[in-house]
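Asks: Line by line, the protein sequences give chains S and C. Numbering follows my numbering, with no gaps: position 67 of the first sequence is 67. Convert by adding 1000 to the 1-based position in the second sequence; the result is the number in my numbering. Ideal Cβ positions, reconstructed from N, Cα and C, are used throughout, including at glycine. All values derive from a computational prediction rather than experimental measurement.
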Amino acid sequence: MIALYATLLIPFGAMLVFAVIGHWKHAGTLNLLVCFATFLTSLQLAIDVFTNGFMITPGQLFYIDAFNVYLILVNALVGLTTSIFSRPYMAYELKIGRVDGGRMRLYHSMFQGFLLTMLVALSTNNLGILWVAVEGATLATVLLVSLYRTPESIEAGWKYFILCGVGIAQALFGTVLVYFAAEKISPGEESTLLWSVLKDHSDQLEPTVLMLAFVFLLVGYGTKIGLVPLHNWLPDAHSEGPTPMSAILSGLLLNVALYAVVRYKMLIEPALNNHLPSYMMMGFGMLSFSVAGILLHHQRDIKRMFSYSSIEHMGLMTFAFGIGGPLATFGALLHMIVHSLTKSAIFITVGHAAHIAGTQKISEIRGLIRTQPAVGWTFLLGTVAIAGFPPFGVFTSEFLLFTATIESMPWLVMPLLIGLAVAFAGLFRHVQPMVFGEPPEGQLPVKANMLPIIFHLFLVLWLGISIPDILANWLDQATIMVVGKGLL
Amino acid sequence: MSYAQLSLMEQLILTLSAMILLTSFLLLAQSRIISLINTFASQGFLLFLGTCLIAQSSGRYHLYISAGMTLALKVFFVPWLLRRLVRRLDIRRDVENVGGPSMIMIAGGALVLFSYYVALPIRELSDLATRNTIAISLAVILLGMLMMITRRKAVAQVVGFMSMENGLFFAAVVSTYGMPMVVELGIAFDVLVAAVLFGIFFFQIRAGIGSLDVDHLNRLHEVDR
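1. Please return the same chain residues whose Cβ sits closer than 6 Å to the Cβ of residue 178(S), not counting the five positions on each side in sequence.
2. Under 9 Å, Cβ to Cβ, is there at least one residue of chain C near residue 63(S)?
3. Span of the alpha helix (DSSP H) holding residue 432(S)?
4. Roughly how many angstroms separate the alpha carbons of residue 256(S) and residue 427(S), rounded to a whole number?
5. Considering only their Cβ atoms, is the gap separating residue 342(S) from residue 249(S) smaller than 9 Å?
6. In this structure, how does DSSP classify residue 154(S) when only helix, strand and coil are distinguished?
7. Closer than 7 Å, Cβ to any Cβ of chain C: which residues of the segment 280 to 305 of chain S, in chain order?
8. Spatial neighbours of residue 251(S) within its chain, please: CB distance less than 6 Å, with the 5 preceding and 5 following residues excluded, ordered by chain position.
9. Please confirm whether residue 140(S) and residue 228(S) have their CB atoms less than 9 Å apart.
10. Nearest to residue 171(S) by CA position, among 219(S), 159(S), 484(S) and 144(S), is which residue?
11. Mapping the DSSP letters down to three states, classify residue 370(S) as helix, strand or coil.
12. Decide yes or no for the touch test of the segment 360 to 374 of chain S against the segment 292 to 305 of chain S: beta carbon pairs closer than 8 Å, at least 3 of them.
13. When the Cα atoms are used, what is the spatial distance from residue 144(S) to residue 122(S)?
14. Starting from residue 223(S), follow the alpha helix (DSSP H) in both directions and report where the run begins and ends.
15. Counting only beta-carbon separations shorter than 9 Å, does residue 246(S) have a partner in chain C?
16. Can you name the residues of chain C whose CB is closer than 8 Å to the CB of residue 126(S)?
17. Just to confirm my understanding: we take residue 1175(C), look at its own chain, exclude 5 residues before and 5 after, and list those with CB closer than 7 Å. What are they?
18. What residue from 313(S), 321(S) and 244(S) has the CA that sits closest to residue 260(S)'s CA?
19. Between residue 1218(C) and chain S, is there a C-beta pair that is closer than 9 Å?
20. Residue 269(S): buried (16+ other C-beta within 10 angstroms of its C-beta) or exposed?
21. Buried or exposed, going by whether 16 or more other CB atoms sit within 10 Å of the CB of residue 1016(C)?
22. Kindly say whether residue 409(S), judged by its beta-carbon, lies nearer than 9 Å to any beta-carbon of chain C.
23. By how many angstroms is the C-alpha of residue 9(S) removed from the C-alpha of residue 1006(C)?
24. Should residue 28(S) and residue 86(S) be called a contact, given that it needs their Cβ atoms to be closer than 9 Å?
25. Does DSSP put residue 1153(C) in a helix, in a strand, or in coil?
26. Rank 12(S), 475(S), 161(S) and 469(S) by C-alpha distance to the C-alpha of residue 112(S) and give the top, closest one.
27. In chain order, what residues of the same chain have a beta carbon less than 8 Å from the beta carbon of residue 495(S), not counting five sequence neighbours either side?
28. According to DSSP, simplified to helix, strand and coil, what is residue 454(S)?
29. Give the residues of chain S in contact with residue 1168(C), contact being defined as C-beta atoms less than 8 Å apart.
30. At 4 residues or longer, what runs of the alpha helix (DSSP H) sit wholly inside the segment 1080 to 1145 of chain C?
31. Going along chain S in order, which residues have a C-beta closer than 9 Å to the C-beta of residue 1209(C)?
32. For residue 1183(C) and residue 128(S), I'd like the C-alpha separation in whole angstroms.
33. Since residue 236(S) meets chain C, which of its residues come closer than 7 Å, beta carbon to beta carbon?
34. Taking CB distances under 9 Å as the criterion, tell me whether residue 1070(C) reaches chain S.
35. Does residue 100(S) come out as helix, strand or coil in the three-state DSSP assignment?
36. Give me the Cα-Cα distance between residue 463(S) and residue 313(S), rounded to the nearest whole angstrom.
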C-alpha cells in the first residue's frame, strides 16, 4: 500500500519541485534519481501484488492487479532509462541553444507530470479518473511537443492537442454511457463507476447501452493508441518533440491507452451476447498494422519512420487482444513489454544518431557504424529486434500471436505475414544506408551513454531466448484476468 | 405520454436543452469572433440553469456544486480568458468567412437526426425527458466537432472544443445526474488547464507562423512530398 502511494507521490512532488528548479544545472541528475526512486517503489509494489494478489486501497480509489502492475513496472523502468538518456541529451540541447532555462523547467516538470498521469491512469480503480488521467497525459505533453518552437513543432503540438482532445471527448461520452448503464443497478451510488464494482455486476448491465459505449470508447482511446484512421497526430507529435519525449510517448503512452481499451473490453464483452468489441478491435488493429507498414516506406524523417512502426505494433497488439483467447492475450501482453523496451531503445539511439548527423532527415544520416560504432550497431540491432527477428523478444511474442491467429482465424495469417514483410522492407531500406553508408566528411562521434540502450536490448534478447518463470507466471495471471483462462 | 403531461420542471428542462442546441447552431454560423465568445458564454449560462433545475427537481444537491463550477469556468473564466487573448492579439475585429454556411447548417441538422438515431436504444430505457436530452447532448458534442472541422481560425476551434465539453457535461448531468464528485473535479481541472494551454498556444502559433489561421499549419504531411 505504502509502495503504491510512494510510486504516485514521488513523481507528483518532483513535478512541483521541478516547476521551480528545473533549470538548475543538476536538475537532470535529480530527475534521474527521482525516476530511480519511483522504479524502486514500483518494484516493491509489484512484489507485493505478486505475493499477495490484487489490492484495493481504502476508499477504493486505486486497484492493482497482475494486469496493471506489470505495466506500472514497465512504465517506471522505461521512465528511469529515459531519464538516464535525457540528462546528457537535454544538456546538449541547452548548450546548442535549442532550449533555454524556462523551457528546461517546463521540460523536467512535465517529464515527471507525464509519468505521474500515466501511473495514475494505470493504477486507478475509477473509470472516470482513468479518463481524467489520460487527458492529463495529453495536457502534460502538449507543450513538450512544441518545446523547440519551430513552425513544425507548433503545428505538431496544435494537431496533437486538437485531435487528441476531440478523440478523448468521445471516450468521455463512452464513460458517461457506462455510468448511465451502471446507475440502473444501484441508483445514486457513486461507487458504480469503480472498475472493481462494475466487473462484479457486468452481467446486469444493459447490453445496448454498453455496445454503444464501447464504440465511443474505442474511437476515443483508439485516437490515443494511434489506430488508423485516427493516427494523424501521432507521427507529428512523436517526431517534433525532444527525443526523450518521443521515447516515452511511443514506449509508454500508447500502452496506457491500449490498457484502457482492454479494461473496457474485459468489462463489456461478457455483458453482450455478441463479439462486437473483439471484431472491432481486430478490424482497427489489422487496418493500422497494414496501413502503417506501407506508410513506413514513404518517410523522410527518421523519427517519423519509427512512429509509424509504433502504429504498426500497436495495431498488432489491438488485433491480438481482439482475437482474445489465452494464447493471443499472453502474446499481446508480452508484446507490450518488448515493444516498449525496444522502441524506447531505438528512439534513444535515434537521438544520438540525429546529434551525430545534426539532422533528422534520413537522407542525410549516413555511415553511423564508421563514425561511432556503438551507436551504429545498437541502432541496427534495435531495428532488427523491432522487425521481429529471432532471437529477440519481439519474435517470440509475434510468433505466439501468429500461432493464435492460425488456431482461430487461419485466413488472417496471410495479411499479417504480408504486413510484416512490408514493414520489414520499409525499415531496412531506410536503415541500411544510414548504418552502413559512407559517412559525410568531418562527421564526429558524440558523447553518448549507451547503458540504457544496451540494458533494454539485453532484456529484449533475454525475453526472446527464455522468459523467466516468474515473469511467465505473472503474465499468465494477467492473462487469466483478461480472458478468464490461463495459458500455462 | 405527451409533452403536456410532463411535470413543469421537466418541460422547463426540455426547453432549456432545446435552447442549448440552438446556441450550438448559432456558434456554427457566427462569424465574428467577439460574438462567438459571447454566444459560447450564453451556452454555458443555459447549461448552468439546466444543471440547477435538475439539481432542484431530482433533489441531488451535489449537482449545485457542478453547476457552480460550470458557472465559474464556462460562463466567466473561459470567455474572459478568450476575450483577453483576443484583445492582446488584436484580432477583435476579425471576421471569419464561414465557407458554405447553408451546407454547414444542413450538415448540422443531419447530425441532430443522427444523434436521435444513435440514442434510440438508450432512450427506450429512460423516461421521456431524458430521452430527448441525451440525444441533444450528443448532438451538441457532434456540432462542436463539426465546428472544429469547418473553422479555420484557432480561436473558433477552441470555442468548438469547449462547446463539445459543454455537450459532454450536459450528457453527464441529464443521464446520470452528474459524474461522481472526484471525477467532476478532475474534468473541471482538465478543462481549466486546457483553456490556459490554448492561450499559450495562440501566442506560439502567432509567433511561429504570423497568423492565427490554422490553414497555415501545413508543413507536416502523412507522406513527404
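Replies: To lay it out plainly:
1. 213
2. no
3. 413 to 436
4. 25 Å
5. no
6. Assignment of residue 154(S) by DSSP, reduced to helix, strand and coil, places it in the helix class.
7. Under the 7 Å Cβ criterion, the segment 280 to 305 of chain S contributes 295, 298, 299 and 300.
8. 78, 340, 343 and 344
9. no
10. 219(S)
11. helix
12. As far as the Cβ criterion goes, the segment 360 to 374 of chain S touches the segment 292 to 305 of chain S, which means the pair count is three or higher.
13. Their backbone Cα atoms lie some 22 Å apart in a straight line.
14. 207 to 225
15. no
16. 1180, 1182 and 1183
17. 1130 and 1134
18. 321(S)
19. Output row for residue 1218(C): interface = yes.
20. buried
21. buried
22. no
23. 50 Å
24. yes
25. strand
26. 12(S)
27. Lying outside 1 to 488, the shown extent of chain S, residue 495(S) is not represented and no answer is given.
28. helix
29. 169, 172, 173 and 176
30. Qualifying alpha helix (DSSP H) stretches, in chain order: 1101 to 1118 and 1120 to 1123.
31. In chain order: 151, 154 and 155.
32. Roughly 5 Å between the two C-alpha positions.
33. 1220
34. no
35. coil
36. 17 Å
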